[in-house]
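Enquirer: Anchor point for the sequence shown: position 120 equals 120 in the numbering used here, and the numbering is continuous, going up by one each time.
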Amino acid sequence: MIWTKRLSWLLVAWISAQAVAQMVVPGNEEDYSVERRDGIEFGMNIGVYRGAPAPAGIYDGYGKDGYQGVDLPDGAAQLWTIKRRLEQLAQFQQTNPIVGILNESPGWDVYSFPLMQYRPALSFGLKMAKFWNPETALVVSLDAIQLTAEGAWSLEQVGVLPDQGQGNVATEDFGIEGKENRLNVSLGYRTSVYMQEGLSWIMEFGGLATAYSLEENYLLMASAPGQLQPYRLDLLTMVNNGAGPLNRASGLLTQWGTGAYVGAGVDVAFQEGGRIELNLRVSRDNVKLGLQENKVWNGALFITWMIPSQIGDFVRASF
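#1: Which residues does DSSP pair with Ser-154 in a beta bridge?
#2: Can you list, in chain order, the residues of its chain with a C-beta nearer than 7 Å to that of Ser-250? Leave out the 5 residues immediately preceding and following it.
#3: Taking the straight line between their C-alpha atoms, what separation do you get for Asp-60 and Gly-39?
#4: Would Met-221 be called buried (16 or more neighbouring beta carbons within 10 Å of its own) or exposed?
#5: Does the pairing of the region 60 to 71 with the region 103 to 115 give three or more beta-carbon distances under 8 Å?
#6: Are the Cβ atoms of Ile-145 and Ile-82 separated by less than 9 Å?
#7: Count the C-beta pairs between the region 120 to 128 and the region 95 to 103 that are closer than 8 Å, then say yes if the count reaches three, no if not.
#8: DSSP three-state label for Gly-188, please.
#9: Determine, using beta carbons only, whether Arg-281 and Trp-297 come nearer to each other than 9 Å.
#10: Whole angstroms is fine: what's the gap from Gln-271's alpha carbon to Leu-199's?
#11: Quick check: what's the CA-CA separation for Arg-37 versus Glu-135?
#12: What does the alpha-carbon distance come out to for the pair Tyr-49 and Phe-174?
#13: Extract the residue ranges of the beta strand (DSSP E) inside the region 207 to 253, only unbroken runs of 3 or more that lie entirely within it.
#14: In terms of residue numbering, what span does the beta strand (DSSP E) encompassing Gly-299 cover?
#15: Going by beta carbon distance, what residues of the same chain come within less than 6 Å of Val-140, once the five residues before and after it are set aside?
#16: Note the first and the last residue of the continuous beta strand (DSSP E) segment covering Val-48.
#17: Can you check whether the CB of Leu-289 is closer than 9 Å to the CB of Leu-253?
#18: According to DSSP, simplified to helix, strand and coil, what is Lys-130?
#19: Under DSSP, the alpha helix (DSSP H) around Arg-275 begins and ends at which residues?
#20: According to the neighbour-count rule (16 or more other Cβ atoms, all chains shown, within 10 Å of its Cβ), is Pro-245 buried or exposed?
#21: Look up Lys-179 in the DSSP assignment and say whether it is helix, strand or coil.
#22: For Gly-265, which residues from the same chain have a beta carbon less than 7 Å from its beta carbon, with the 5 sequence-adjacent residues on both sides left out?
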């Protein structure tokens with residue numbers, strides 16, 4: 001029993017000695033460094049933005065019921081449906097090439113409407129971060145995006161085929177596009193977890209406000225398959241009495257929506273100065289286009305270059 005107690009005391013003493021040895025703080029060794037990061041930093045963003053498809057439905061040319069157009073808050077502009085715009089064109093602009101396409105048959109109608117989708121778009125912007133330490137910062141970003149929505153609709157033409165028991169109705173597909181500008185302003189909190197010196201995981205979350213501006217909505221129609229330059233017919237026009245040519249409306253309809261976002265990525269530091277951030281961001285936005293509102297999820301992948309404070313030294317060291 002006595003030897004057991006002595007052995008226990010020796011084991012405790014040995015463990016304590018090892019713990020004290022590991023707690024020794026290193027002195028001024030050459031390979032020991034602590035990163036310092038405080039103050040205000042600026043950066044440039046470039047990314048790929050993917051918009052949810054639901055808001056793009058405003059560009060489908062269907063309107064309220066396939067005939068009545070979409071109501072807009074700006075009384076100076078109007079958004080036509082496909083059918084009403086083609087009827088207006090056929091009545092007042094007989095020499096338009098699109099009227100020639102319609103006149104290829106004794107009768108026509110819109111057979112189907114498009115399911116609109118946004119193309120992936122590039123975004124460009126600026127970033128400002130106020131750091132209190134390497135792990136904590138307040139971040140403000142400003143990013144501009146131009147989105148294009150696209151789809152296909154079908155025109156039904158009666159009497160263009162010989163009726164040999166299969167009917168004399170033909171359908172042809174044409175394109176439709178819509179364009180809008182978005183300006184994202186975000187304010188968020190940023191934190192990081194270091195994996196090793198000069199490399200860290202980063203996480204960011206906060207709120208954002210987005211300006212939405214309707215720019216264009218138009219049909220693309222060709223008289224023959226493979227036509228290099230299809231004819232264009234604007235659906236977003238200035239308001240007039242409907243007679244004669246209609247002027248395109250652009251940039252008149254700007255509205256703001258709010259939302260929240262969360263992002264995660266990596267931060268890489270260069271030995272010469274400056275940093276590169278790669279971020280994946282998901283946002284929940286209230287998209288306002290015309291009188292329509294859609295709460296949707298949008299995504300973006302960003303690369304950010306945080307500009308070093310000594311930009312001249314960085315450029316010289318790089319070359």
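For glycine and all other residues, C-beta sits at the position ideal for the given N, C-alpha and C.
Expert: For this structure:
#1: Locating residue 154 in the sequence shown gives position 154, counting from the first residue. The partner list for Ser-154 (beta bridge, DSSP) reads Ser-112, Asp-173.
#2: The residue given as residue 250 occupies position 250 in the sequence shown. Counting only Cβ-Cβ distances below 7 Å, and skipping sequence neighbours, we find Glu-215, Glu-216.
#3: Taking the sequence shown and counting its residues from 1, the one referred to as residue 60 is at position 60. Taking the sequence shown and counting its residues from 1, the one referred to as residue 39 is at position 39. Answer to the nearest angstrom: the Cα atoms are 48 Å apart.
#4: Translated into the one-based positions of the sequence shown, residue 221 becomes position 221. Classification for Met-221: buried.
#5: Contact holds: three or more Cβ-Cβ distances are below 8 Å.
#6: Position 145 of the sequence shown, counting from 1, holds the residue named residue 145. Position 82 of the sequence shown, counting from 1, holds the residue named residue 82. No, these two residues do not count as a Cβ contact at 9 Å.
#7: Contact fails: fewer than three Cβ-Cβ distances are below 8 Å.
#8: Position 188 of the sequence shown holds residue 188. Of the three classes helix, strand and coil, the one that applies to Gly-188 here is strand, per DSSP.
#9: For this step, residue 281 is matched to residue 281 along the sequence shown. For this step, residue 297 is matched to residue 297 along the sequence shown. Going by C-beta atoms, Arg-281 is not nearer than 9 Å to Trp-297.
#10: In the sequence shown, residue 271 corresponds to position 271, counting from 1. In the sequence shown, residue 199 corresponds to position 199, counting from 1. Cα-Cα distance, rounded: 12 Å.
#11: For the purposes of this step, residue 37 is taken as residue 37 along the sequence shown, with counting starting at 1. For the purposes of this step, residue 135 is taken as residue 135 along the sequence shown, with counting starting at 1. Arg-37 and Glu-135: Cα-Cα distance of roughly 9 Å.
#12: In the sequence shown, residue 49 corresponds to position 49, counting from 1. In the sequence shown, residue 174 corresponds to position 174, counting from 1. One alpha carbon belongs to Tyr-49, the other to Phe-174, and they sit about 26 Å apart.
#13: Runs of the beta strand (DSSP E) inside the region 207 to 253: 231 to 234, 236 to 238.
#14: Locating residue 299 in the sequence shown gives position 299, where the first residue counts as 1. Where Gly-299 is concerned, the enclosing beta strand (DSSP E) stretches over 292 to 307.
#15: Position 140 of the sequence shown, counted from the start, is the residue given in the question as residue 140. Here Val-140 has Met-128, Leu-187 as same chain residues with Cβ atoms under 6 Å from its own Cβ, once five neighbours each way along the sequence are excluded.
#16: As a working mapping, residue 48 is identified with position 48 in the sequence shown. Unbroken beta strand (DSSP E) run through Val-48: 39 to 50.
#17: On the sequence shown, position 253 is the one that residue 253 refers to. On the sequence shown, position 289 is the one that residue 289 refers to. A contact, by the Cβ cut-off of 9 Å.
#18: In the sequence shown, residue 130 corresponds to position 130, counting from 1. In this structure, Lys-130 counts as strand in the three-state DSSP scheme.
#19: Numbered from 1 along the sequence shown, position 275 holds the residue referred to as residue 275. That residue, Arg-275, is in no alpha helix (DSSP H); its beta strand (DSSP E) goes 275 to 289.
#20: Residue 245 sits at position 245 when you count from the first residue of the sequence shown. Pro-245 comes out exposed.
#21: Against the sequence shown, residue 179 aligns to sequence position 179. DSSP places Lys-179 in strand when its eight states are reduced to three.
#22: For the purposes of this step, residue 265 is identified with residue 265 of the sequence shown, where counting begins at 1. Taking Gly-265 as the centre and dropping the five residues before and after it, the same chain places the C-beta of Ile-202, Glu-277, Leu-278, Asn-279, Leu-280 closer than 7 Å to its C-beta, in chain order.
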